Amino acid sequence: PHFVINVPSQNDALCFNIQEEPGVVLNLVEDQGLGIAVNGEIIGKKKIGNNVMSNETYFGKLGFVNREMKLRIEVTTETITIMLGKNKKEYTWEKTTSVKKKGLNLVIHKKNNMTLSFGEGAKFVIILHQFLKDDPLHMDFLGFYTLDDHKFSAHVHGLLGQFFHGIDYEISNVHKTKIPDKPDATMKVKNKLLTVTRGSQKDYRSDPRKGKKVPCWFVHSNAEGLIDGTHKDYIVPDIF
Amino acid sequence: TAEPVNDIEVYSINIDCKVTSRFAHNVITSRAINRASMSKEAMFKVDLPKTAFITNFSMVIDGKTYLGEIKEKEVAKKQYETAVKRGQTAGLVKASGRKTETFTVSVNIAAQSKVTFELVYEEMLKRNHGKYEMFIKVQPKTLVRNFQIEVEIHEPQGISFLDAEATFITNDLLPAVHKSFSAEKGYVSFKPTLDQQRSCATCSTTLLDGDFTVTYDVNRESAGNIQVVDGYFVHFFAPQKLAGVPKNVIYVIDKSGSMYGRKLEQTKEALLEILKDTAEHDHFNFVLFDNDIEVWKPSLVKATPENLKKARDFVRQITDGYTTNINDPVLKAVQLLDEANALNQIPERSVSLIVLLTDGEANIGETEPEKIQENVKKANQRGYTLYCLGFGYGVNYGFLEKMALENAGIARRIYEDSDAALQMKGFYTEIANPTLLDIKMEYPENAIANLTQNSFKHYFDGSEIVVAGRIIDNDLNVFSVDVKAEGADNLLKYSENVQLQDTDGVSKKQEYIFGDFTERLWAYLTIQQLLEKRVSADPSEKEKLKKQALDLSLKFKFVTPLTSMVVTKPDEIEEETLVADKFVEAQAPSNWVDSD
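Respectively, the protein sequence lines represent chains A and B. Heads up: the first sequence begins at 3 in the working numbering, then just goes up one per residue. Heads up: the second sequence begins at 987 in the working numbering, then just goes up one per residue.
The structure is reproduced here in structure tokens:
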């Protein structure tokens, strides 16, 4: 999966990939203050027979926990399941639906996207990327977007959450590489020097097919040096 | 002496503002010395109004001056890219408060060396609720030996009142504020001593932290006033004591899920306050929306006490809904006004307004912003004024701004805070009292050029219309203007004449403040209007407007959204390039994870 971190103070963005095996669950947002957590399970490496056709990995399942509301939501590429205490209700991507409980607003836009907000605070958008069942390379997967990041508490963490309150970095030594429009540079961040590459990622919110290009500085090696600890520290046992 | 912070002693801060005929020229000078035995970083940070244009910045370090240079944004960007490649960060201006943007620069200065920073910015003060307001953010962070704010105002019409207030003012500080005015001149100064600045008698911290606001108005013997200086004229038009024109307002209110909680409560609070202030001759209706539309009454109703009571009951019961469909409710509002016109349900002489309040992007129905704008523009054949209030951080402000400008209105941000209801109410009071409609201002056609906007849809009580231009006929003896407008009961005509020979005296007097202010005021106004027009222009027109605005920004050295100021500052190894851009409103960014 491709992570994109906006840095409004620099009018720029940072991006990185996290490569893990299918089945691994990563913590994306963890806010002890608000009692909210978001985790994502990796899918990918499409096989036909015994042959691996694609090494790409994606998020195929997302889990949302709101501790105060005793609420858990599981989103897969096929269903959306809301678990409120002992009650459980399942929805599919086949129909535009909205669910409103005190403080929870969930709207499914048929085969397209889903918005989810908890009260006046956290707001998320999940994009459904769908492919033909017999597509040799691709499989359905999910995109996860956070809105109103400033509303999270100061202690918010996770692979995305740790950037909600900004990050300082400096770019230097921009130099050409074999690919003309992808120069390398040195990034000074958290008192470390990292080699980064100019590239771009896509924002699929306004155009789920083509996406909108977002230029960014790409941090290699599973974002080592940029994120707190290593990406392995964000592996959690399951999506809740 | 003041206490040095980090060995840097700021020994002088001087805020010098000169206002001539509403045009303010502000110079902020800060002087500091490094008391340490090694080089240290000195920081200069100023909050300036969003409506202001920076015109100059300089640093004097060890007798050497480093001047800011204003360039086309694209050119500066190239320079910025070079700076990035050298490992230097850029970007001197950032958004700060609701009204301000922050200019920050820091520089290393050698041991025992001095630095002087000087920032110059200009703005035209806008009249609102019957007064002009000049806002100065005061935040010296440390005690300053020589701290002073001086505001000199020169208004040829004569000053009717002048006031100065500060949020941090205490009884001890009151003697440090002086204000006086007589005839055309006004003066405000604030010069606190070191002891007056202290947060307590033995403290080394400052209590100067807050907003310093100067307000004033001018005498109005006639509806308008023309001033001519150095071949440029400016016409101020603000007729007094007119009867109010009835208004027909449709409030299009977003009640989608994201408005849940405080946002919706604040909206209801504001609507209840607005209803209290609605005049009986007004007509109104509500269109509430989420994915559905709920219209309060089938047609507009008169603001009788009985209808207002019913409206208050309706507002109190509004609850949050689901998704956001912006297209259909705005079209519904247009349709309601069309029907009211066709069926003569509203007064012939009246102002028709649509006030849209939303906190998000359209995500159901027509979701394509361009398509919604197109639909609204197409439907609004009669040209009702559309005001768009964007509530909170997630709103697509650019979309709302364009849609409002395309329909003769304006967009305004409502900041998500405890006073959001007050902000909404404040906006309403600005547009609550229209006194004139379809104002057309005619100037001697062959004698003038480069005229700014001279026809206006409405005039609201307490505001002011400003038109400026250049006089090209050197032999002109009398400069005259005719204003025609629809009043509450009849067509009104105003005429103003000014003998050009007489203006020499005025011009001499005004020049003592600063020379070419009329020309700069004209340029400021023209650039603002070109930039505004650009938002809603078609692509070919857009380029033309951009070019005109850019040329003027460069000629008059204004940092506008089209230009940047490049500042070169010394560094221990090599000189460093920084860029000051005008802050532009944008949508709040988000972070995400996806794949392709």
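Ideal Cβ placement from N, Cα and C applies to all residues, glycine included. The structure presented is a predicted model; accordingly, all values stated were derived computationally and were not measured.
Contacting residues, own chain, Cβ-Cβ under 6 Å from S1581/B (five flanking each side not counted): For this step, residue 1581/B is matched to residue 595 along the second sequence. Hits under 6 Å: none found.
Looking at the C-beta of S1581/B, does it have a partner C-beta in chain A at a distance below 8 Å? Here residue 1581/B corresponds to residue number 595 of the second sequence, with the count starting at 1. Judged by the 8 Å Cβ criterion, S1581/B is in contact with chain A.
Does K102/A come within less than 8 Å of chain B when only Cβ atoms are used? Residue 102/A sits at position 100 when you count from the first residue of the first sequence. K102/A counts as touching chain B.
What first and last residue would you give for the alpha helix (DSSP H) that runs through N1293/B? Locating residue 1293/B in the second sequence gives position 307, counting from the first residue. Taken as a continuous stretch (DSSP letters only), the alpha helix (DSSP H) holding N1293/B covers 1291-1302.
Cβ-based neighbour list, P1547/B, same chain, cut-off 6 Å, excluding 5 preceding and 5 following: As a position in the second sequence, residue 1547/B is number 561, starting the count at 1. Correct list, in chain order: K1568, V1570.
Determine whether the beta carbon atoms of A1348/B and I1358/B lie at a separation below 8 Å. Walking along the second sequence from the start, residue 1348/B turns up at place 362. Walking along the second sequence from the start, residue 1358/B turns up at place 372. Yes; because the gap between Cβ atoms is below 8 Å, this pair is in contact.
Can you give me the C-alpha to C-alpha distance between C17/A and S1092/B, rounded to a whole angstrom? Within the first sequence, the letter at position 15 stands for residue 17/A. Within the second sequence, the letter at position 106 stands for residue 1092/B. Distance between the alpha carbons of C17/A and S1092/B is about 29 Å.
Using a C-beta to C-beta distance shorter than 7 Å, which residues of chain A count as neighbours of T1309/B? As a first step, residue 1309/B is located in the second sequence; it is residue number 323 there, counting from the start. Neighbours of T1309/B on chain A, chain order: S100, V109.
Check F1503/B in the structure and name its three-state DSSP category. Position 517 of the second sequence, counted from the start, is the residue given in the question as residue 1503/B. Helix at F1503/B.
Grab the span of the alpha helix (DSSP H) containing Q1252/B for me, first residue to last. One-based indexing of the second sequence puts residue 1252/B at position 266. Where Q1252/B is concerned, the enclosing alpha helix (DSSP H) stretches over 1248-1262.
Across which residues does DSSP place I1155/B in a beta bridge pair? Position 169 of the second sequence holds residue 1155/B. For I1155/B, which the question treats as bridged, DSSP gives no partner whatsoever.
Which residue comes first and which comes last in the beta strand (DSSP E) that contains S1550/B? Mapped onto the second sequence, residue 1550/B falls at position 564. Per DSSP, S1550/B belongs to the beta strand (DSSP E) from 1549-1555.
Unbroken beta strand (DSSP E) runs of length 3 or more, entirely within the region 1414-1454 of chain B: which are they? 1420-1428, 1441-1446
Below 8 Å on C-beta distance, what does F143/A contact in chain B? The sequence position of residue 143/A within the first sequence is 141, counting from 1. Those within 8 Å of F143/A in chain B are S1581.
Which listed residue (V1005/B, T1264/B, V1215/B, I1212/B) has its alpha carbon closest to that of V1137/B: Within the second sequence, numbered from 1, the residue matching residue 1137/B stands at position 151. The shortest Cα separation from V1137/B among V1005/B, T1264/B, V1215/B, I1212/B belongs to V1005/B.
Name the residues in the region 1333-1351 of chain B whose C-beta lies less than 8 Å from a C-beta of chain A; which are they? N1349, I1350
Tell me Q1485/B's beta-bridge partners as DSSP assigns them. Here residue 1485/B is taken as the residue at index 499 of the second sequence, counted from 1. Its beta-bridge partners are V1464/B.
Please name the residue in A1229/B, S1082/B, L1194/B, F1176/B whose C-alpha comes closest to that of Q1183/B. On the second sequence, residue 1183/B is found 197 positions in, with the first residue counted as 1. Considering only alpha carbons, the answer is L1194/B.
Grab the span of the beta strand (DSSP E) containing F1133/B for me, first residue to last. For the purposes of this step, residue 1133/B is taken as residue 147 along the second sequence, with counting starting at 1. First-last of the beta strand (DSSP E) with F1133/B: 1132-1140.
Pick from N1463/B, T1438/B, T1563/B, V1231/B: whose alpha carbon is nearest that of A1471/B? Along the second sequence, read from residue 1 onward, the residue named residue 1471/B stands at position 485. The shortest C-alpha separation from A1471/B is found at V1231/B.
Grab me the residues of R1302/B's own chain with a C-beta within less than 8 Å of its C-beta, minus the 5 sequence neighbours each way, in chain order. Translated into the one-based positions of the second sequence, residue 1302/B becomes position 316. Correct list, in chain order: K1254, L1258.
Looking at the unbroken beta strand (DSSP E) that takes in H111/A, where does it start and where does it end? In the first sequence, residue 111/A corresponds to position 109, counting from 1. Segment 106-111, the beta strand (DSSP E) holding H111/A.
Report back the beta-carbon spacing between K215/A and R200/A to the nearest angstrom; my notes put them in contact at under 8 Å. Stepping through the first sequence from its first residue, residue 215/A is reached at position 213. Stepping through the first sequence from its first residue, residue 200/A is reached at position 198. The pair is not a contact, with the Cβ atoms about 12 Å apart (cut-off 8 Å).
If we ignore side chains and look at the alpha-carbon of each, how far apart do L1294/B and K1262/B end up? As a working mapping, residue 1294/B is identified with position 308 in the second sequence. As a working mapping, residue 1262/B is identified with position 276 in the second sequence. Cα to Cα, L1294/B sits roughly 8 Å from K1262/B.
Straight-line Cα distance separating L1323/B from F1133/B: Numbered from its first residue, the second sequence carries residue 1133/B at position 147. Numbered from its first residue, the second sequence carries residue 1323/B at position 337. The alpha-carbon atoms of F1133/B and L1323/B are separated by roughly 56 Å.
Burial state of I128/A (16 or more Cβ within 10 Å): Within the first sequence, numbered from 1, the residue matching residue 128/A stands at position 126. Classification of I128/A: buried, given that the 10 Å Cβ count is 16 or more.
Distance CB(G163/A)-CB(F154/A) smaller than 8 Å: Position 161 of the first sequence holds residue 163/A. Position 152 of the first sequence holds residue 154/A. Yes, these two residues count as a Cβ contact at 8 Å.
Express the C-alpha separation of F1275/B and E70/A in angstroms, rounding to a whole number. As a working note, residue 70/A is residue 68 in the first sequence. As a working note, residue 1275/B is residue 289 in the second sequence. E70/A and F1275/B: Cα-Cα distance of roughly 30 Å.
Are any of the Cβ atoms in chain A nearer than 8 Å to that of T1075/B? For the purposes of this step, residue 1075/B is identified with residue 89 of the second sequence, where counting begins at 1. Residue placement at T1075/B cannot be trusted, given a pLDDT of 49 that sits under 50; what the coordinates show is reported in the next sentence. At least one chain A Cβ lies under 8 Å of T1075/B.
C-alpha gap between E1428/B and Y1202/B, whole angstroms: The residue given as residue 1428/B occupies position 442 in the second sequence. The residue given as residue 1202/B occupies position 216 in the second sequence. For E1428/B and Y1202/B, the distance between alpha carbons rounds to 29 Å.
Local Cβ density within 10 Å of V1061/B, reported as buried at 16 or more and exposed below that: Sequence index remark: in the second sequence, residue 1061/B carries index 75 (1-based). The residue in question, V1061/B, is exposed, as its Cβ has fewer than 16 Cβ neighbours within 10 Å.
A156/A, DSSP secondary structure in three states: Here residue 156/A corresponds to residue number 154 of the first sequence, with the count starting at 1. Three-state result, A156/A: coil.
May I have the straight-line CA-CA distance separating S1168/B from S1285/B, to the nearest angstrom? Residue mapping note: residue 1168/B aligns to position 182 of the second sequence, counting from 1. Residue mapping note: residue 1285/B aligns to position 299 of the second sequence, counting from 1. Approximately 53 Å between the Cα atoms of the pair.
Buried or exposed: which applies to Y1498/B, given that a residue is buried once 16 or more other Cβ atoms fall within 10 Å of its Cβ? By 1-based counting over the second sequence, the position of residue 1498/B is 512. Note that Y1498/B scores 42 on pLDDT, short of 50, meaning its location in the model is unreliable and no value can be drawn from it.
Leaving out five residues on either side along the sequence, give the residues of the same chain with a beta carbon under 7 Å from the beta carbon of I1400/B. By one-based count along the second sequence, residue 1400/B stands at place 414. L1375, G1376, F1377, A1406, Q1409, M1410, listed in sequence order.
Helix, strand or coil at L196/A according to DSSP, with G and I counted as helix: Along the first sequence, one-based indexing puts residue 196/A at 194. It is a strand residue.
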